[in-house]
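Numbering (our numbering), first residue to last: 18 to 289.
Glycine is no exception: its CB is placed at the ideal position from the N, C-alpha and C atoms.
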């Protein structure tokens, strides 16, 4: 089994001082990674990750996830290689085909935003270009549908499962099993990841607006996107999921950094 890693998906910061303070806080709490969305508010994640690298020592920095349609492959490779080299290998590239509504940002950048199938084909071409360089950062792909899972099984160093907020353990197991079959002999090389929505069962209006259902309902339904507030119970669940599914890299949004840090500590104490 792979050792656990724990990461924070960064929240919006109104200025560079707030952003770098967030990075310092995440490192102080003992997390392994700080991840930037694309965009972060309206900001370019690569610019912000460079700033985070300057104020941290050991924290790995990554994207969660860069939308391939927003950038030319050669320009993306330039940004990726710059961060990879100048951070001493502390950068990981998370890459995806774009989330709902991405066409608005693509249009603002003067970029095309074709159909999902065309975006996957184009992203495969981007990956081929990125992999021309032997010394490259780890590649994380976000997978949900059959085509993305198949591409991740073939190309990813890490796959994060893009399941629905309401996904139950039974539904999650089906998705993971499908991916494991697709990965075949590559499976031992691939790190499996889960992005959580919340810890505990307190209402969270922001999550409710995004997911269409609030945290108490998700927790009551046993959704895998929510962990118990009790660190011991949450750690037991994560250890069980690693044993059962092989998931060893777990991330959550910055609003839950403190309670998630306590859970990470419990997992480590238990041998994770």
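What residues in its chain sit with their C-beta under 8 Å from that of residue 251, if we drop five residues either side in the sequence?
Closer than 8 Å at Cβ, skipping near neighbours: 216, 244, 245, 280 and 283.
Skipping 5 residues on each side, what residues in its chain have a beta carbon closer than 7 Å to that of residue 80?
Closer than 7 Å at Cβ, skipping near neighbours: 52, 53, 55, 62, 110 and 111.
Note down the Cα distance separating residue 83 from residue 233, rounded to an integer number of angstroms.
Each residue's Cα considered, the two are about 30 Å apart.
Run through DSSP, which three-state label would residue 265 get?
Looking at residue 265 - three-state DSSP - the assignment turns out to be strand.
Touch check for the stretch 203 to 214 and the stretch 226 to 242: three-plus C-beta pairs under 8 Å?
Three or more beta-carbon pairs separated by less than 8 Å link the stretch 203 to 214 to the stretch 226 to 242, which places the two stretches in contact.
Would you mind working out which of 30, 31, 48 and 67 sits nearest residue 274, comparing C-alpha positions?
Nearest Cα to residue 274 within the set 30, 31, 48 and 67: 48.
Please identify the residue among 38, 76 and 32 whose C-alpha is closest to the C-alpha of residue 59.
The residue from 38, 76 and 32 with its alpha-carbon nearest to that of residue 59 is 32.
Applying the criterion that 16 or more other CB atoms from any shown protein chain within 10 Å of the CB defines a buried residue, is residue 57 buried or exposed?
In summary, residue 57 is buried, with 16 or more beta-carbon neighbours lying within 10 Å of its beta-carbon over all protein chains present.
For residue 69, the nearest candidate out of 92, 86, 30 and 91 (CA to CA)
Nearest option by C-alpha distance: 30.
How is residue 239 classed by DSSP in three states: helix, strand or coil?
The three-state reading of DSSP puts residue 239 in coil, since its state is none of H, G, I, E or B.
Residue(s) in a DSSP beta bridge with residue 244
The partner list for residue 244 (beta bridge, DSSP) reads 216.
What is the residue span of the beta strand (DSSP E) that residue 50 lies within?
Taken as a continuous stretch (DSSP letters only), the beta strand (DSSP E) holding residue 50 covers 50 to 53.
Counting only the same chain and skipping the five closest in sequence on each side, list residues whose C-beta sits under 7 Å from that of residue 224.
Answer for residue 224: 214, 215, 231 and 232, listed in chain order.
Apart from the five residues just before and just after residue 71, which ones in its own chain have a Cβ nearer than 8 Å to its Cβ?
Cβ neighbours of residue 71 beyond the five flanking positions: 37.
Name the two residues that bound the continuous alpha helix (DSSP H) containing residue 37.
It spans 33 to 45 - the alpha helix (DSSP H) in which residue 37 sits, taken as one unbroken run.
Starting from residue 290, follow the beta strand (DSSP E) in both directions and report where the run begins and ends.
Shown here, the chain extends from 18 to 289; a query on residue 290 therefore has no answer.
For the stretch 154 to 170 and the stretch 100 to 119, state whether three or more C-beta atom pairs, one from each stretch, are separated by less than 8 Å.
Contact between the stretch 154 to 170 and the stretch 100 to 119 is established, with three or more Cβ pairs separated by less than 8 Å.
Decide yes or no for the touch test of the stretch 176 to 190 against the stretch 125 to 139: beta carbon pairs closer than 8 Å, at least 3 of them.
The stretch 176 to 190 makes no contact with the stretch 125 to 139: fewer than 3 CB pairs, one atom from each, lie closer than 8 Å.
Between residue 124 and the rest of its own chain, which residues show a CB-CB distance below 8 Å, the 5 nearest in sequence each way excluded?
Cβ within range, chain order: 130.
Strictly by DSSP, which residues pair up with residue 113?
Within the DSSP secondary-structure output, residue 113 pairs in a beta bridge with 84.
Give me the DSSP bridge partner(s) of residue 22.
Looking at the DSSP output, residue 22 sits in a beta bridge with 266.
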